[in-house]
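Chains as they are written, first to last, in the numbering used here: chain W, 2 to 395; chain P, 8 to 109; chain D, 157 to 332.
As structure tokens, then:
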């Protein structure tokens with residue numbers, strides 16, 4: 002359709018959608034279920050597909066519809082359906098249609114195994130308005146199923162992807178870097194490039210989170226063993242060194258101050274509602290004192306009451322105060338209350354793995370010397386400026 | 008495209024959802040083929056919002072034009088042309104349908 | 157007696173919109189880099205300068221200390237209404253004000269932008285890792301003149317295939 006005097010295509014960088022500050026709740030993550038039809042070795046949340054206890058506690062369809070309605074009334078534009086595997090919910094088509102009929106855009110995170118021609122037809126007739134994101138665990142049956150632990154899962158994934166391709170439904174893919182599939186990165190990138198929606202190489206999860214519910218020490222130990230080493234992670238992150246350096250230079254120009262004792266230095270969010278109707282500050286943070294049971298109050302109350310309190314929270318752990326509170330890498334490091342909670346059961350314990358990953362990158366960028374610790378650095382501003390200058394003249 | 012007559016009545020298509028968020032009227036496509044691309048959202052300026060809200064399946068185009076003429080300082084002929092213009096664009100994008108007169 | 161209409165009339169308009177990250181962070185980043193006298197590189201978004209600058213192109217904006225933008229240059233400025241960063245072409249200069257318009261937006265000129273809103277000048281455009289040569293060279297004066305006369309859009313319709321032949325960095329863009 003061409004531009005004319007009544008319809009204007011405006012550059013999104015120069016024209017805002019809102020007249021004021023924007024809606025109080027623009028986006029919400031919804032974990033429709035923790036159950037999954039895969040049993041991936043690295044997953045921080047999955048429960049078996051037939052787990053009776055989870056099934057008994059999961060919200061019913063009408064409860065989800067009420068939450069979606071409340072969110073739409075708060076001005077929400079996009080809902081992300083995730084899990085576990087959200088398509089395991091028999092009422093997924095009903096909830097999806099309900100969300101779309103409220104005028105919401107829907108992001109769907111899925112392993113694609115349960116995408117049938119019927120689901121694809123629904124997604125084609127009523128488009129989600131956001132690209133579906135599909136996690137890919139391997140490029141062949143042996144590697145894929147070594148990760149998922151489910152026989153036949155690879156064929157299911159391929160069938161699901163084909164259903165989307167047949168109906169031209171937009172989707173993107175992302176990987177999880179694990180021992181069974183580590184040698185397939187080039188093959189994965191080449192296959193991903195055949196997807197017209199992929200205008201960059203696929204991203205990888207590799208610094209895996211431990212079990213968010215702290216429900217299995219054995220599974221968390223296995224996840225620890227599966228994590229890439231900081232050096233290996235650095236190799237992946239810097240496979241295009243020019244663009245990595247530019248991105249980091251721009252980041253450190255803006256975010257380079259130690260946070261002090263303030264605990265939440267992230268933007269906090271997007272908010273999440275878990276499979277049992279509990280509102281969380283984000284997908285990863287499940288500390289019981291920071292969550293809000295939506296059976297006891299509205300989404301508006303949860304959204305409004307929670308965040309000011311979080312922003313005021315201070316760290317008290319002496320080790321955190323000695324290290325993270327004084328560290329100029331803090332904005333860049335993945336250390337956060339959610340990570341501390343899943344690793345240690347507290348909100349302010351330094352996570353060693355995050356620290357090592359951040360320091361490996363900082364050494365590559367020339368911001369920290371070998372054996373030096375970033376919280377002891379006194380001339381971080383000069384080092385950052387040197388990085389910016391080096392990048393600018395390269 | 009059909010010529011818009013003043014005695015026609017239009018209503019919002021069930022292929023879109025309209026929402027008011029933070030003072031802005033947002034029209035969200037529901038089915039495929041609405042709008043220009045599969046991920047478009049549409050918003051209306053103030054006059055467009057008023058027209059949209061009046062196209063409720065009861066008022067004729069003439070009544071919409073008269074209501075605007077009572078509020079805005081503009082020539083009725085200009086308002087008439089603009090209402091017909093924006094209705095045409097909304098019809099093209101399947102955001103409006105002609106209401107069946109009982 | 158009926159009430160006289162009192163409100164200022166604005167033609168009804170529908171705009172294609174979407175969620176967009178605020179440009180405030182981008183502007184602050186750029187100004188911080190410019191304060192060091194360095195050019196700022198980032199990915200452009202939008203279609204207002206197509207085909208010379210396309211969605212996803214890597215743009216280099218230089219600080220104004222070196223030279224203020226003149227007719228034909230693509231200026232980076234803070235839009236007076238939305239306060240977000242825009243990259244559009246300077247059509248003419250009038251004292252301390254610049255008449256600015258997007259090449260692909262003949263019906264929506266930005267109007268006269270004051271000097272203090274101009275934050276930089278586009279000095280380089282890259283696409284698929286290669287420098288884009290058309291749009292910032294000597295031809296930019298002609299582009300500004302054609303845009304000012306309202307002829308740029310019409311000529312582009314007929315000259316599109318010709319442009320593709322001459323542009324050294326014409327690649328098919330995968331839209332996301």
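Glycine included, each C-beta is placed from N, C-alpha and C at the ideal position.
(message) Taking DSSP's pairing of strands, which residues face residue 293 of chain W in a bridge?
(response) In the first chain, residue 293 of chain W corresponds to position 292, counting from 1. Paired residues: W:280.
(request) Jot down the residue ranges of each uninterrupted alpha helix (DSSP H) in the segment 186–263 of chain W, minimum 4 residues, whole runs only, in chain order. (result) Within the segment 186–263 of chain W, the complete alpha helix (DSSP H) runs of at least 4 residues are 186–194, 218–227, 231–238, 242–255.
(request) Give the residues of chain P in contact with residue 7 of chain W, contact being defined as C-beta atoms less than 7 Å apart. (result) As a working note, residue 7 of chain W is residue 6 in the first chain. 92, 93, 96, listed in chain order.
(request) Name the one or two DSSP bridge partners that residue 51 of chain P has. (result) Within the second chain, the letter at position 44 stands for residue 51 of chain P. Answer is P:32, D:170.
(message) Rounded to the nearest angstrom, what separates residue 322 of chain W and residue 150 of chain W at their Cα positions?
(response) Counting from one through the first chain, the residue named residue 322 of chain W turns up at place 321. Counting from one through the first chain, the residue named residue 150 of chain W turns up at place 149. Put simply, the backbone Cα of residue 322 of chain W is about 42 Å away from that of residue 150 of chain W.
(request) Can you say whether residue 303 of chain D is buried or exposed, counting buried as having 16 or more other CB atoms within 10 angstroms of its CB? (result) Here residue 303 of chain D refers to the residue found at position 147 of the third chain. The residue in question, residue 303 of chain D, is buried, as its Cβ has 16 or more Cβ neighbours within 10 Å.
(message) Would the segment 240–249 of chain W count as touching the segment 208–223 of chain W if we require 3 or more Cβ pairs under 8 Å?
(response) Flag = no, the segment 240–249 of chain W and the segment 208–223 of chain W do not touch.
(message) For a quick check, are the C-beta atoms of residue 348 of chain D and residue 247 of chain D less than 9 Å apart?
(response) Beyond the ends of chain D as shown, which are 157 and 332, falls residue 348 of chain D; an answer cannot be given.
(request) For residue 339 of chain W, count neighbouring C-beta atoms within 10 Å of its own C-beta (all shown protein chains included) and say buried if the count is 16 or more, exposed if not. (result) Looking up residue 339 of chain W in the first chain gives position 338. With 16 or more other Cβ atoms inside 10 Å of its own Cβ, residue 339 of chain W counts as buried.
(request) Would you decide whether residue 306 of chain W is buried or exposed? Buried here means 16 or more other CB atoms lie within 10 Å of its CB. (result) On the first chain, position 305 is the one that residue 306 of chain W refers to. Classification of residue 306 of chain W: exposed, given that the 10 Å Cβ count is below 16.
(request) Quick one: using the 10 Å Cβ neighbour count with 16 as the cut-off for buried, is residue 48 of chain W buried or exposed? (result) The count along the first chain starts at 1 and reaches residue 48 of chain W at position 47. Residue 48 of chain W is buried by the Cβ-count criterion.
(request) Jot down the residue ranges of each uninterrupted beta strand (DSSP E) in the segment 118–142 of chain W, minimum 3 residues, whole runs only, in chain order. (result) Listed in chain order, the complete beta strand (DSSP E) runs (minimum 3 residues) inside the segment 118–142 of chain W are 133–137.
(request) Let me know the secondary structure DSSP gives residue 41 of chain P once reduced to three states. (result) As a working note, residue 41 of chain P is residue 34 in the second chain. For residue 41 of chain P, the secondary structure class from DSSP, reduced to helix, strand or coil, is coil.
(request) Confirm the yes/no value for this check: CB of residue 348 of chain W, any heavy atom of the ligand ZN, distance under 8 Å. (result) This structure does not include the ligand ZN; it has no bound ligands of any sort.
(message) So, with DSSP's three-state summary, where would you put residue 209 of chain D?
(response) On the third chain, residue 209 of chain D is found 53 positions in, with the first residue counted as 1. In this structure, residue 209 of chain D counts as coil in the three-state DSSP scheme.
(request) List the residues that DSSP assigns as beta-bridge partners of residue 269 of chain D. (result) In the third chain, the residue the question calls residue 269 of chain D occupies position 113. DSSP, once it has assigned bridges, lists D:254 as partnering residue 269 of chain D.
(message) At the 9 Å Cβ level, is residue 63 of chain P part of the contact set with chain W, yes or no?
(response) As a first step, residue 63 of chain P must be located in the second chain, where it is residue number 56. By this cut-off, residue 63 of chain P is not an interface position.
(request) Work out the CA separation of residue 360 of chain W and residue 48 of chain P for me, nearest whole Å. (result) One-based indexing of the second chain puts residue 48 of chain P at position 41. One-based indexing of the first chain puts residue 360 of chain W at position 359. Between residue 48 of chain P and residue 360 of chain W, the alpha-carbon positions lie close to 43 Å from each other.
(request) Within the same chain, show all residues whose beta-carbon is closer than 7 Å to that of residue 252 of chain D, passing over the 5 residues directly before and after it, in chain order. (result) The residue labelled residue 252 of chain D in the question sits at position 96 within the third chain. Close CB contacts of residue 252 of chain D within its chain, under the 7 Å cut and outside five residues either way in sequence, are with 270, 271 (chain order).
(message) If the cut-off is 8 Å on Cβ atoms, which residues from the segment 19–37 of chain P count as contacting chain W, listed in chain order?
(response) Against chain W - using a Cβ distance shorter than 8 Å - the residues of the segment 19–37 of chain P are 24, 25, 26, 28, 29, 30, 31, 33, 35, 36, 37.
(request) Using the Cα positions of residue 178 of chain D and residue 200 of chain D, report the straight-line distance between them to the nearest angstrom. (result) On the third chain, position 22 is the one that residue 178 of chain D refers to. On the third chain, position 44 is the one that residue 200 of chain D refers to. Confidence at residue 178 of chain D is low in this model, with a pLDDT of 37, below 50, so the placement of that residue should be treated as unreliable; the coordinate-derived value is given next. C-alpha separation (whole angstroms): 14 Å.
(message) Taking its Cβ as the centre, do 16 or more other Cβ atoms sit within 10 Å of residue 296 of chain D, making it buried, or is it exposed?
(response) Residue numbering aside, residue 296 of chain D sits at position 140 when the third chain is read from its first letter. Buried, because 16 or more other Cβ atoms sit within 10 Å of the Cβ of residue 296 of chain D.
(request) Output, in chain order, the set of chain D residues within a Cβ distance shorter than 8 Å of residue 60 of chain P. (result) Numbered from its first residue, the second chain carries residue 60 of chain P at position 53. Ordered by position in chain D, no residue passes the 8 Å Cβ test against residue 60 of chain P, which lies about 12 Å from the chain.
(request) For the beta strand (DSSP E) holding residue 104 of chain W, just list the boundary residues, first then last. (result) Here residue 104 of chain W refers to the residue found at position 103 when the first chain is read from its first residue. That residue, residue 104 of chain W, is in no beta strand (DSSP E); it is neither H nor E in DSSP.
(message) Give me the DSSP bridge partner(s) of residue 48 of chain W.
(response) On the first chain, position 47 is the one that residue 48 of chain W refers to. In the DSSP output, where bridge partners are listed per residue, residue 48 of chain W has W:36.
(message) Rounded to the nearest angstrom, what separates residue 315 of chain W and residue 76 of chain P at their Cα positions?
(response) Residue mapping note: residue 315 of chain W aligns to position 314 of the first chain, counting from 1. Residue mapping note: residue 76 of chain P aligns to position 69 of the second chain, counting from 1. One C-alpha to the other measures close to 59 Å.
(message) I'd like to know if the segment 25–42 of chain W and the segment 262–273 of chain W are in contact, where contact means that at least 3 CB-CB pairs between them fall below 8 Å.
(response) Yes, since at least three Cβ pairs between the segment 25–42 of chain W and the segment 262–273 of chain W fall closer than 8 Å, the two stretches touch.
(request) Please confirm if the segment 58–70 of chain W is in contact with the segment 175–193 of chain W, defined as three or more CB-CB distances below 8 Å between the two stretches. (result) As far as the Cβ criterion goes, the segment 58–70 of chain W does not touch the segment 175–193 of chain W, which means the pair count is below three.
(request) Can you grab the Cα-Cα spacing for the pair residue 226 of chain D / residue 213 of chain D, in whole Å? (result) The residue labelled residue 226 of chain D in the question sits at position 70 within the third chain. The residue labelled residue 213 of chain D in the question sits at position 57 within the third chain. Cα-Cα distance, rounded: 22 Å.
(request) Could you check the C-alpha separation between residue 36 of chain P and residue 130 of chain W for me, to the nearest Å? (result) Counted from its first residue, the second chain places residue 36 of chain P at position 29. Counted from its first residue, the first chain places residue 130 of chain W at position 129. Each residue's alpha carbon lies about 8 Å from the other.
(message) Quick check: residue 224 of chain D and residue 274 of chain D, are their CB atoms within less than 9 Å of each other?
(response) For this step, residue 224 of chain D is matched to residue 68 along the third chain. For this step, residue 274 of chain D is matched to residue 118 along the third chain. Yes, Cβ-Cβ distance for residue 224 of chain D and residue 274 of chain D is below 9 Å.
(request) Measure the alpha-carbon distance for residue 241 of chain D versus residue 230 of chain D and round it to whole angstroms. (result) Counted from its first residue, the third chain places residue 241 of chain D at position 85. Counted from its first residue, the third chain places residue 230 of chain D at position 74. Computed Cα separation, rounded: 13 Å.
(request) Verify the CB distance criterion: does residue 73 of chain W have a CB-CB separation below 9 Å to chain P? (result) Counting from one through the first chain, the residue named residue 73 of chain W turns up at place 72. Residue-level contact by beta carbon holds for residue 73 of chain W and chain P, with a gap shorter than 9 Å.
(request) Identify whether residue 25 of chain P lies in helix, strand or coil by the three-state DSSP scheme. (result) Here residue 25 of chain P refers to the residue found at position 18 of the second chain. Three-state result, residue 25 of chain P: strand.
(message) When you compare the CB of residue 50 of chain W with every CB in chain C, is at least one pair closer than 9 Å?
(response) Judged by its chain identifiers, the structure shown contains no chain C, and its protein chains are W, P and D.
(request) Could you tell me if residue 90 of chain W is buried or exposed, where buried requires 16 or more neighbouring beta carbons within 10 angstroms of its beta carbon? (result) For the purposes of this step, residue 90 of chain W is taken as residue 89 along the first chain, with counting starting at 1. Taking every protein chain shown into account, the CB of residue 90 of chain W has 16 or more other CB atoms within 10 angstroms, so this residue is buried.
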